[in-house]
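Colleague:
Residue numbers (the numbering used here), protein chains in the order written: chain A, 292 to 690; chain B, 81 to 369.
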């Protein structure tokens, strides 16, 4: 009893000394960046025994334990190997993810670019220590240290995969293949009344992408950096679209049902929706539209106040490892983030189909990002419309 | 042993006020702190602002949120639409519940009564989402169950939208109207109906002068449920509402990035329900519950 207590005190003293030493050591080299980095210091490691559970907040299809489809399971093995019981909660929009993360209780989140900065600056996340995640080295370099997953040279997570938001249609209703968002935006669309759109403020960026191609005079460079004129043009386009829309979706099961039943003929969608709809026998086609598209680049991030830090790191390494990354991104239908995954996918063409390493393909895919008053495209002569105004504009449009 | 119990009981017996306080303090604390407290917190939040970027609260006073709600025509339309839906649902529930409850309470034999009540209650056991998704399948334009059923009559399914929401919510909340109205009918003394007919009143007159006044409080009780439940709903609108939004959807859409604005919007249904309760109280129906 007595020795144990002494040991604890000794350990605590050592820890304090180490922290002090760490601070002293870094003060001359990288103090500026680490002082700015919100969320404190990254976990120093080493990754020890698991705490028994890990609570994961994820996009649907990212954490599959066999309950959706018994053949689709990359969780059970992880649980038996590490002893970390996985509890997963899925979300339908980035806003939902942000709110749930702010509420606490989750250790890891698969955050898209339009959620990450809000979470980082909100103090909900901790920086990542890449040394504790061996697979980090194999992640495609154009996904790492991006503006949405790092701050001041400090990484905040491990990229998972990326994809474009697709133009999808039901082939019973749309008999000739299409390749343009025009059928969802233009007033003369033959599919009026059965168009669908994503029910989230971030969809304003989809309108902006279409305007980049159709109204170059607006000068939109980045659909997440819209000044007042550009923003108003995007809203005007969405108002023009509104009468065409039969339903907006944010719940992906509703989108699957609507596309398969033909209630929805054409609209924006995710690859995973196309896959599941086809698996249910739906007559569905999807394509990346010629005007370009919004897209996502998701990152696994660790909560600042996690109580299960070891399990969290174990999970991040597990999901970023070539084997899991290959299965998970192939199931979801997106480009894997790990270079080595490409050799391990069931469909050997998966990486080619989804353009995993094809830098040119991603040039007209605009990853979700958080719009801020300081324009993300670097313009300093104008103020851009911040995300909170996107939200009120969207809810006014929808009301 | 017996003596201590006696003195103990004696103490509480001699101090009725203390006894009352002891009994009520726990539930009162719950009501005041948890229930009213959270309402107050909601109301106060409506006067705050958010940080444009992280969406986190900034505790400085502003009236902007209320201004925005009451000056944007789109939101006012949503308020009117939500109110319309809640009223229609209440009315429809009433129209269905009145004859049904009357039958259950006064016409059906004693053997059938429990069975009928069970049938009214069974849907409450199923998950809310399952029921709404079932209605999504029912209402589906062209190929839904409703379209198949009324198609031969030359009618079309209402599809997803205002009518879809009203039908689904009516289905969801109907038991909450039937139960109090049924209870009202069972309490209705048969002697009064007899007296009415003895005095020469026909069916309509009895209904108007005896039955309606007697069961009015029960109807009000039921309407409070159906009205306020409809007023706050947002999931039904999401699933069978097409692109229509109710107040709850606006709250759900904005509460992440702009909690104060969402709080300002949520005070609207609270105020409407309070006004409704005040009107009901004025009619004297609450005293008869």
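C-beta atoms are modelled at their ideal positions from N, C-alpha and C, and glycine is treated no differently.
Grab the span of the alpha helix (DSSP H) containing residue 538 of chain A for me, first residue to last.
Modeller: Where residue 538 of chain A is concerned, there is no enclosing alpha helix (DSSP H), although the beta strand (DSSP E) it sits in stretches over 536-540.
Colleague: Using a Cβ-Cβ distance under 8 Å, would residue 687 of chain A count as near chain B?
Modeller: Residue 687 of chain A counts as touching chain B.
Colleague: Looking at chain B, is there any beta carbon in it that lies within less than 8 Å of the beta carbon of residue 537 of chain A?
Modeller: Yes, contact with chain B.
Colleague: What are the residues of the region 218-232 of chain B that lie near chain A, defined by any Cβ-Cβ distance shorter than 8 Å?
Modeller: Listed by position, the residues of the region 218-232 of chain B near chain A (Cβ gap below 8 Å) are 220, 221, 222, 223.
Colleague: Does the CB of residue 682 of chain A have a neighbour CB from chain B at under 8 Å?
Modeller: Judged by the 8 Å Cβ criterion, residue 682 of chain A is in contact with chain B.
Colleague: From which residue to which residue does the alpha helix (DSSP H) around residue 501 of chain A run?
Modeller: Element bounds for residue 501 of chain A: 495-505.
Colleague: What runs of the alpha helix (DSSP H), each 4 residues or longer, lie entirely inside the region 309-369 of chain B?
Modeller: Counting only runs of 4 or more, we get 315-320, 327-334, 339-362.
Colleague: Would you mind reading off the limits of the beta strand (DSSP E) that contains residue 451 of chain A?
Modeller: That run of the beta strand (DSSP E) goes 449-455.
Colleague: Considering only C-alpha positions, which residue in the set A/568, A/464, A/686 is nearest to residue 480 of chain A?
Modeller: If we check each option's Cα against that of residue 480 of chain A, A/464 comes out closest.
Colleague: Out of curiosity, what's the CA-to-CA distance linking residue 675 of chain A and residue 200 of chain B?
Modeller: Straight-line Cα distance between these residues: approximately 56 Å.
Colleague: May I have the straight-line CA-CA distance separating residue 697 of chain A from residue 210 of chain B, to the nearest angstrom?
Modeller: One cannot answer for residue 697 of chain A here, as it falls past the ends of chain A, which runs 292 to 690.
Colleague: Which bits of chain A does residue 335 of chain B rub up against, with CB to CB less than 8 Å?
Modeller: Those are 390, listed as they occur along chain A.
Colleague: Expressed to the nearest angstrom, what Euclidean distance is found between the alpha-carbon atoms of residue 433 of chain A and residue 622 of chain A?
Modeller: When rounded, the distance between both Cα atoms is 22 Å.
Colleague: Bridge partners for residue 348 of chain A per DSSP, in chain order?
Modeller: DSSP, once it has assigned bridges, lists A/380, A/400 as partnering residue 348 of chain A.
Colleague: Alpha carbon to alpha carbon, how far is residue 578 of chain A from residue 596 of chain A?
Modeller: Computed Cα separation, rounded: 41 Å.
Colleague: Taking Cβ positions, are residue 589 of chain A and residue 365 of chain A nearer each other than 8 Å?
Modeller: No, the Cβ-Cβ distance between residue 589 of chain A and residue 365 of chain A is not below 8 Å.
Colleague: From residue 414 of chain A to residue 565 of chain A, what distance separates their C-alpha atoms?
Modeller: Straight-line Cα distance between these residues: approximately 36 Å.
Colleague: Measure the C-alpha to C-alpha separation of residue 611 of chain A and residue 430 of chain A and round it to an integer number of angstroms.
Modeller: Distance between the alpha carbons of residue 611 of chain A and residue 430 of chain A: 8 Å.
Colleague: From the beta carbon of residue 545 of chain A, is the nearest beta carbon of chain B less than 8 Å away?
Modeller: So, interface residue.
Colleague: Using a Cβ-Cβ cutoff of 7 Å, what residues of the region 392-422 of chain A are near chain B? List them in chain order.
Modeller: Listed in sequence order: 409, 412, 413.
Colleague: Can you tell me whether DSSP reads residue 137 of chain B as helix, strand or coil?
Modeller: Three-state result, residue 137 of chain B: strand.
Colleague: Per DSSP, what are the beta-bridge partners of residue 521 of chain A in this structure?
Modeller: None, per the DSSP bridge assignment.
Colleague: In chain A, which residues lie less than 7 Å from residue 208 of chain B when you measure between Cβ atoms?
Modeller: None at all; the shortest Cβ gap to chain A is about 14 Å.
Colleague: Residues of chain B with CB closer than 7 Å to the CB of residue 697 of chain A, please, in chain order.
Modeller: Chain A is shown from 292 up to 690; residue 697 of chain A falls before or after that span and cannot be answered.
Colleague: Out of A/482, A/685, A/660, A/401, point me to the one whose CA is closest to residue 536 of chain A's CA.
Modeller: Measuring from the Cα of residue 536 of chain A, the nearest candidate turns out to be A/482.
Colleague: State yes or no: is the beta carbon of residue 323 of chain B nearer than 8 Å to at least one beta carbon in chain A?
Modeller: It does: the Cβ of residue 323 of chain B has a partner Cβ on chain A nearer than 8 Å.
Colleague: At 7 Å on the CB atoms, spell out the chain E contacts of residue 554 of chain A, in chain order.
Modeller: Looking at the structure shown, chain E is missing, and the protein chains on hand are A and B.
Colleague: Report the neighbours of residue 148 of chain B on chain A: residues whose CB is nearer than 8 Å to its CB, in chain order.
Modeller: What residue 148 of chain B touches in chain A: 683.
Colleague: Go to residue 593 of chain A, then tell me how far its beta strand (DSSP E) extends in each direction, as first and last residue.
Modeller: From DSSP, the beta strand (DSSP E) with residue 593 of chain A extends over 584-594.
Colleague: Taking 8 Å as the CB-CB limit, is residue 91 of chain B close to chain A?
Modeller: Judged by the 8 Å Cβ criterion, residue 91 of chain B is not in contact with chain A.
Colleague: Kindly indicate which three-state DSSP category residue 234 of chain B falls into: helix, strand or coil?
Modeller: Here residue 234 of chain B sits in coil by DSSP.
Colleague: Leaving out the 5 sequence neighbours to the left and right, which residues in its chain are closer than 7 Å to residue 338 of chain A when beta-carbon positions are compared?
Modeller: Excluding sequence neighbours, residue 338 of chain A sits near 423, 601, 604, 605.
Colleague: Closer than 8 Å by beta-carbon distance: list the chain B residues that pair up with residue 387 of chain A, in chain order.
Modeller: Chain B residues near residue 387 of chain A: 336.
Colleague: Which residues in the same chain as residue 667 of chain A place their Cβ atom closer than 8 Å to its Cβ, once the five residues preceding and following it in sequence are excluded?
Modeller: If we look at residue 667 of chain A and ignore the five residues flanking it on each side, its Cβ neighbours are 438, 513, 515, 516, 660, 675.
Colleague: So what's residue 459 of chain A in DSSP terms, helix, strand or just coil?
Modeller: Here residue 459 of chain A sits in strand by DSSP.
Colleague: State yes or no: is the beta carbon of residue 316 of chain A nearer than 8 Å to at least one beta carbon in chain B?
Modeller: Model confidence at residue 316 of chain A stands at a pLDDT of 35, short of 50, so the residue's coordinates are unreliable; what they give is reported in the following sentence. Cβ-Cβ to chain B under 8 Å: no for residue 316 of chain A.
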